[in-house]
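Okay, structure first, notes after.
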Amino acid sequence: MHGADPRLVLGLHRSRHQRDILSTALDLGVTALDTAAPYLGFRSHAVLAETANDLLPKFTLSTKVGFFPGVGGAEHSLAPDRLRLAIEKAARELGREADTVLLHNPERSLASLSPSDGQALLGSACTALVDAARDGLCRTWGVSSWDTRPLGMVGVDALPSPDVLMVRTGFLVGIDLLDTTAVLCNAWQAGETWGMSPFGGGNGRAWEDFDPRLFLRPPHDGLSRVQAAFRTAFHLPSAAAVAVGTDNPGHLAQLVTALGAEVDTGAVSQYLRALHGRRQR
Ligand SMILES: NC(=O)c1ccc[n+]([C@@H]2O[C@H](COP(=O)([O-])OP(=O)(O)OC[C@H]3O[C@@H](n4cnc5c(N)ncnc54)[C@H](OP(=O)(O)O)[C@@H]3O)[C@@H](O)[C@H]2O)c1
Numbered sequence: 009m010h011g012a013d014p015r016l017v018l019g020l021h022r023s024r025h026q027r028d029i030l031s032t033a034l035d036l037g038v039t040a041l042d043t044a045a046p047y048l049g050f051r052s053h054a055v056l057a058e059t060a061n062d063l064l065p066k067f068t069l070s071t072k073v074g075f076f077p078g079v080g081g082a083e084h085s086l087a088p089d090r091l092r093l094a095i096e097k098a099a100r101e102l103g104r105e106a107d108t109v110l111l112h113n114p115e116r117s118l119a120s121l122s123p124s125d126g127q128a129l130l131g132s133a134c135t136a137l138v139d140a141a142r143d144g145l146c147r148t149w150g151v152s153s154w155d156t157r158p159l160g161m162v163g164v165d166a167l168p169s170p171d172v173l174m175v176r177t178g179f180l181v182g183i184d185l186l187d188t189t190a191v192l193c194n195a196w197q198a199g200e201t202w203g204m205s206p207f208g209g210g211n212g213r214a215w216e217d218f219d220p221r222l223f224l225r226p227p228h229d230g231l232s233r234v235q236a237a238f239r240t241a242f243h244l245p246s247a248a249a250v251a252v253g254t255d256n257p258g259h260l261a262q263l264v265t266a267l268g269a270e271v272d273t274g275a276v277s278q279y280l281r282a283l284h285g286r287r288q289r
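What follows is the structure, given as structure tokens:
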């Protein structure tokens, strides 16, 4: 049994939602779960309540709203009344309120709007989440964005500051997105930044070509390349927590072990300078 470490959030995007990974997580001190209304074909909340009703109170839980079942697949909406109903539905399905509710990829509804229309729509969606927190439907609220670029266009500094801003993290994120995210974090002044998807969903084979253990202090042979890539992701960009997915208890244990390593932030800065330099060439 490990002490709880809130830095690792077990993300359920690709998860089979089986009980064994949830109980292993608790044994390893992983006490944060991240899900979303559309995960597992819009059944994530209900399946969690069915398979792990007794375990759920032991986790801090974040979920996301913004996608809705639609004809031919999920449709996105930031309509405040739909968001409110989705938050209430999530609490009913889960049998408890989520600790944090995040707007799910709001950029999906902003891309075709003018900056002022985008700001108005995003502002009303944020207010719906502020109101949900005020009414006890969640403790904190935030925004989860796969592509922060459209958010950077709408003047977020005039909108309520989220408690949490969840963004892509790690070596697979390009320098343009890292830069846009840095500007957004600065403008929006979220309480905490969380990273997500440090392995880009598991398809990235980048570590076959370079060794991320060079980013650990001291350069570490005791950990694998995957572990080093995960640990370094907390600095690309700087994040208080990282949501990572696995259905494999052994993999989760490896990730928990990696949290004990120290990142060489000087090497990370040098890496970012190199990426900027390459872009200017
Ligand atoms: N827009 C959004 O809001 C958004 C989008 C994407 C993700 N997210 C959040 O971020 C979470 C993670 O994202 P993700 O699942 O897409 O990507 P990810 O965490 O980058 O990758 C998950 C993959 O990494 C593999 N993996 C994990 N630990 C490993 C290890 N120690 N060794 C080898 N492979 C390992 C897993 O395979 P195994 O199962 O075999 O371990 C899985 O296939 C999501 O669940 C969600 O919470 C949010």
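The number in this note's numbering is simply the position in the sequence shown, starting from 1, with 8 added.
Ideal placement from N, C-alpha and C gives every residue a C-beta, glycine not left out.
Just so you know, these numbers come straight off a predicted model, no measurement behind them.
- Between the C-alpha atoms of L121 and G131 there is a straight-line separation of about 14 Å.
- Its chain contains A99, L145 and C146 as the residues whose beta carbon lies nearer than 6 Å to that of E105, once the 5 sequence neighbours on both sides are disregarded; these appear in chain order.
- Nearest C-alpha to D42 among R15, Q278 and L192: R15.
- Only residues of its own chain outside the window of five on either side were considered, and among them W149 have a CB closer than 6 Å to the CB of A141, listed in chain order.
- Apart from sequence neighbours up to five positions away, the residues of its chain that approach P245 with a beta-carbon distance below 8 Å are V175, T177, L186, T189, A190, C193, T201 and G203, ordered along the chain.
- Bounds of any beta strand (DSSP E) do not take in W154, whose DSSP letter is neither H nor E.
- Nearest C-alpha to G11 among G78, S277 and G37: G37.
- Taking 6 Å as the cut-off, one finds at least one heavy atom of ligand 1 near enough to the beta carbon of H259.
- Looking only at G268, S277 and G210, the smallest Cα-Cα distance to S23 is reached by G210.
- R233 is a Cβ neighbour of W215, given a cutoff of 7 Å.
- Under DSSP, S70 takes part in a beta bridge, and its partners are D42 and T108.
- By the neighbour-count criterion, in which 16 or more other beta carbons inside 10 Å mark a residue as buried, D171 falls on the buried side.
- By the beta-carbon neighbour count (other beta carbons within 10 angstroms, threshold 16), P168 is exposed.
- A119 is positioned such that its CB atom lies closer than 7 Å to that of P158.
- Annotation for V162: L118, P123, G126, Q127 and L130 place their beta carbon closer than 7 Å to its own, counting only its chain and skipping 5 residues before and after.
- Annotation for H84: the continuous beta strand (DSSP E) segment containing it runs G81 to H84.
- Between F67 and T39 a beta carbon distance of about 6 Å is seen, short of the 8 Å cut, so the two are scored as contacting.
- Considered as a whole, the stretch 177–227 harbours 200–204 as its complete beta strand (DSSP E) runs of no fewer than 3 residues, in chain order.
- For F50, the uninterrupted alpha helix (DSSP H) run begins and ends at Y47 to F50, by DSSP.
- Closer than 6 Å to some heavy atom of ligand 1: that does not describe the Cβ of F76.
- Under the three-state reduction of DSSP, H21 is assigned to coil, being neither helix nor strand.
- A distance of 7 Å or more separates the beta carbons of V252 and P220.
- Around the beta carbon of T273, fewer than 16 other beta carbons sit within 10 angstroms, so the residue counts as exposed.
- With a cutoff of 7 Å on beta-carbon distance, L111 and H53 are scored as not near each other.
- Straight-line spacing of the CA atoms in L64 and A282 works out to 44 Å.
- Among the bridge pairs identified by DSSP, E270 is matched with R225.
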